[in-house]
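Numbering (the numbering used here), first residue to last: 77 to 469. Ideal Cβ placement from N, Cα and C applies to all residues, glycine included.
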Ligand SMILES: Cc1ncc(COP(=O)(O)O)c(C=O)c1O
């Protein structure tokens with residue numbers, strides 16, 4: 077029997093007072109407590125196997141400069157092979173402090189000032205800032221959404237951006253907030269198109285392990301497998317195992333020149349060594365974290381069905397996007413006719429905080445909220461109750 081069963085995750089964990097952004101940050105900002113359903117980390121204790129590894133490392137009293145270890149890389153590669161059938165070599169890998177560093181590094185390395193970079197709204201906010209803040213041109217190719225809330229790619233608009241000279245595309249797979257895991261066929265169609273125009277592709281795969289349905293996750297590196305392909309993926313144990321405060325992520329790339337250029341860019345920014353605790357925690361997660369991860373995924377599947385039931389009961393006009401992956405559910409509340417700022421104000425006044433839809437896209441997110449369901453089920457149910465009160469106020 078898995079000791080990481082429903083009761084383990086139901087217990088949750090008291091996080092207030094740990095300077096965590098999700099609970100303490102928002103109460104400070106709003107000046108009162110709210111039930112936080114926003115920032116994408118989890119209100120679950122991490123696996124004992126990770127805690128033991130960190131505790132063990134604290135027994136040595138020196139925390140000096142520490143090199144990335146081969147064991148840490150090997151643990152990641154065996155995890156990727158075991159869980160996703162992805163075959164990579166140590167030389168295809170580089171460490172990063174976080175995935176956002178990877179997105180920004182990709183933009184700086186693979187494009188010149190003024191070059192076009194394709195993103196697909198609605199998408200995680202830092203995709204936009206990674207392009208804009210670095211003086212590149214955003215080329216927005218919004219996803220297509222049907223009335224059930226199912227999203228697909230619009231390759232016609234991607235091709236238009238390519239014809240206008242786009243040099244790089246930042247892909248989100250699994251997609252936050254649209255909840256899609258792109259299929260082998262969708263990724264193949266996309267990559268063939270980009271390749272035809274000589275456009276590089278960087279895929280943010282940080283949510284790769286949150287597979288909720290019965291379809292497998294497909295990495296872009298399982299589609300574009302050639303050593304010359306200008307493709308990279310970014311991932312991290314930080315989401316999967318709830319280690320975001322430790323700051324460590326991975327860049328995966330078979331193209332030697334592209335990987336070397338990105339490593340050089342990071343080195344120029346002074347990013348060369350890692351965090352000693354992140355390294356031992358990540359290695360333990362990848363070697364010994366499967367039981368925790370499987371228990372957590374079962375818990376999330378239940379959370380999503382509870383959310384769907386509760387929303388249907390309390391707010392029948394809300395459209396909940398089907399969730400193939402991630403723990404971030406995307407809710408279309410446009411039928412209730414509240415302007416985005418009013419939706420945020422009312423929900424906060426009613427003691428709950430979601431991520432506002434416009435964080436993911438000014439137009440494509442207006443009237444939407446994103447709810448983080450990686451918390452005890454009781455929180456998810458309470459959040460929907462407060463959302464109903466806010467909307468009906
Ligand atoms: C799609 C996506 N990419 C990146 C990040 C942030 O990753 P990191 O903390 O490693 O920069 C998040 C966090 O929510 C995310 O959802």
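- Inter-segment contact for the region 346-361 and the region 188-200 is absent: fewer than three beta-carbon pairs are separated by less than 8 Å.
- Between residue 225 and residue 435, the alpha-carbon positions lie close to 18 Å from each other.
- Residue selection by CB proximity (closer than 7 Å to any heavy atom of ligand 1) returns 116, 174, 175, 176, 177, 200, 202, 248, 252, 280, 282, 283, 312, 314, 315, 320 and 325 in chain order.
- Cβ atoms of residue 308 and residue 278 come within 8 Å of each other, at about 5 Å.
- Three or more Cβ pairs closer than 8 Å define a contact, and the region 302-320 meets that threshold against the region 113-123.
- The Cβ-Cβ distance between residue 449 and residue 375 does not fall below 7 Å.
- Considered as a whole, the region 80-166 harbours 82-87, 102-106, 124-134 and 146-160 as its complete alpha helix (DSSP H) runs of no fewer than 4 residues, in chain order.
- Around residue 235, the same chain offers 269 as residues with beta carbons nearer than 7 Å, after the five sequence neighbours per side are excluded.
- In the DSSP annotation of this structure, the continuous segment of the beta strand (DSSP E) that includes residue 192 starts and ends at 192-195.
- Residue 303 counts as exposed, since fewer than 16 other C-beta atoms from the protein chains shown sit within 10 angstroms of its C-beta.
- Separation of residue 207 and residue 431 (C-alpha to C-alpha, rounded to the nearest whole angstrom) is 21 Å.
- Within the DSSP bridge table, the entry for residue 428 names 111 as partners.
- Judged by their CB atoms, residue 110 and residue 429 are nearer to each other than the 7 Å cut-off.
- Nearest in C-alpha terms to residue 261, of all of 299, 272, 250 and 232, is 299.
- A direct Cα-to-Cα measurement between residue 130 and residue 354 gives close to 9 Å.
- Between residue 99 and residue 105, the C-beta gap is not smaller than 7 Å, which leaves the two residues out of contact.
- Here the alpha carbon of residue 85 sits roughly 13 Å from the alpha carbon of residue 367.
- The alpha helix (DSSP H) runs of length 4 or more contained entirely in the region 171-259 are, from start to end of the chain, 175-186, 202-208 and 231-239.
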